[in-house]
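Colleague: Got a structure for you, written out below as structure tokens; questions coming shortly.
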Amino acid sequence: MAIAQAMCNSFKKELMLGTHNFATNGNTFKLALYAEGGGGKSSTTATLGFGTTAYTTTGEIANSGSYSAGGGALTKVAPSVATSTSTATAFADFADISFTTATITAMGALIYNDTNSDKAVCVLDFTSNKTSTSGTFTVQFPTADASNAIIRIA
Amino acid sequence: MFNVGISQAGKVNVMTSDKGGLTNEQIADLAVDKIVSISDQAPAHIRQQANQFREHLKNVLYHYLLLARKEERGSIIQVLESSGHKEMAEYIRRL
């Protein structure tokens, strides 16, 4: 599979190095959209997964509407952890992101740290092509809790 | 020894539209998905109750989304009419 959902291996190491700061006043994270089957700009195909280490233009969708190369900046929600249990899961979240008046076909996305050398965080696999035609393309993040949040550490 | 586990990335939901923005129903769906999550592990009767609540919530949100858009259009129409753009105001009234 060219785009496989994963928390990038490099991200796990970089967490220990303090590379990523998810505080609301921390680093800037972006979400870029990718296509398979030569649907990326210049007919490129994305290959993204656990081994992805940084943002790449290969397979990224072409500019359209409010989407431009590199994707959109994500609005962070401060990391949280439940304190009511002895062992709890910490999680980070982002606000949903939309690209408007855009013609887009994307199969997945990459979240990356725009502040620190575009280092990869995670790959999102949409499992099928999602298409907007002169319309809105919205990526909704899961409920921010210990079971569903986009990034969780147990 | 401490074992820290990092989960797989959570599952996102993608909503798209053609020739315009998201519909009221799509926005209501997005809101409900954010508010209500039902565990696959929950007992059947709890899931059923949660699903009914989810549908009720969606209907309420849908109603107020319609109202919000209608009221906003009303405000825009008023501004356009009061500044002499009656034709444009009429276009918006017909949306």
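Heads up: the protein sequence lines correspond to chains A and B, in order.
Its first residue numbered 148, the first sequence is counted upward by one per residue in our numbering.
Its first residue numbered 689, the second sequence is counted upward by one per residue in our numbering.
Ideal Cβ positions, reconstructed from N, Cα and C, are used throughout, including at glycine.
1. Where does Q152 (chain A) land, buried or exposed, given buried means 16+ other C-beta within 10 angstroms?
2. Using beta carbons (cut-off 7 Å, strictly below), is A301 (chain A) in contact with chain B?
3. In the DSSP assignment, the beta strand (DSSP E) including Y259 (chain A) goes from what residue to what residue?
4. Does the CB of N295 (chain A) have a neighbour CB from chain B at under 7 Å?
5. Sort A:D240, A:A220, A:L178, A:L195 by Cα distance to A170 (chain A) and report the nearest one.
6. According to DSSP, is Q729 (chain B) part of a helix, a strand, or is it coil?
7. Taking Cβ to Cβ, would you say T704 (chain B) is nearer than 7 Å to F284 (chain A)?
8. Do S275 (chain A) and A249 (chain A) have their C-beta atoms closer together than 7 Å?
9. Give me the subset of the stretch 281-295 of chain A whose CB atoms are less than 7 Å from a CB atom of chain B, sorted by chain position.
10. For A113 (chain A), which of helix, strand or coil comes out of DSSP?
11. For L754 (chain B), which of helix, strand or coil comes out of DSSP?
Modeller: Straight from the coordinates:
1. Within the first sequence, numbered from 1, the residue matching residue 152 (chain A) stands at position 5. Buried is the call here.
2. Residue numbering aside, residue 301 (chain A) sits at position 154 when the first sequence is read from its first letter. Yes, A301 (chain A) counts as interfacial toward chain B.
3. One-based indexing of the first sequence puts residue 259 (chain A) at position 112. 244-260 is the span of the beta strand (DSSP E), which, as asked, contains Y259 (chain A).
4. Indexing the first sequence from 1 puts residue 295 (chain A) at position 148. Taking Cβ atoms only, chain B reaches closer than 7 Å to N295 (chain A), which makes this a yes.
5. Within the first sequence, the letter at position 23 stands for residue 170 (chain A). A170 (chain A) has its Cα closest to that of A:D240, out of A:D240, A:A220, A:L178, A:L195.
6. Working through the second sequence from its first residue, we reach residue 729 (chain B) at position 41. Residue state, collapsed to three classes: coil.
7. Mapped onto the second sequence, residue 704 (chain B) falls at position 16. Mapped onto the first sequence, residue 284 (chain A) falls at position 137. Yes, the Cβ-Cβ distance between T704 (chain B) and F284 (chain A) is below 7 Å.
8. For the purposes of this step, residue 275 (chain A) is identified with residue 128 of the first sequence, where counting begins at 1. For the purposes of this step, residue 249 (chain A) is identified with residue 102 of the first sequence, where counting begins at 1. In this structure, A249 (chain A) does not lie closer than 7 Å to S275 (chain A) by Cβ.
9. S281, G282, T283, F284, T285, V286, Q287, F288, P289, T290, N295
10. Here chain A comprises residues numbered 148 to 301, so residue 113 (chain A) is not present and cannot be evaluated.
11. Mapped onto the second sequence, residue 754 (chain B) falls at position 66. Looking at L754 (chain B) - three-state DSSP - the assignment turns out to be helix.
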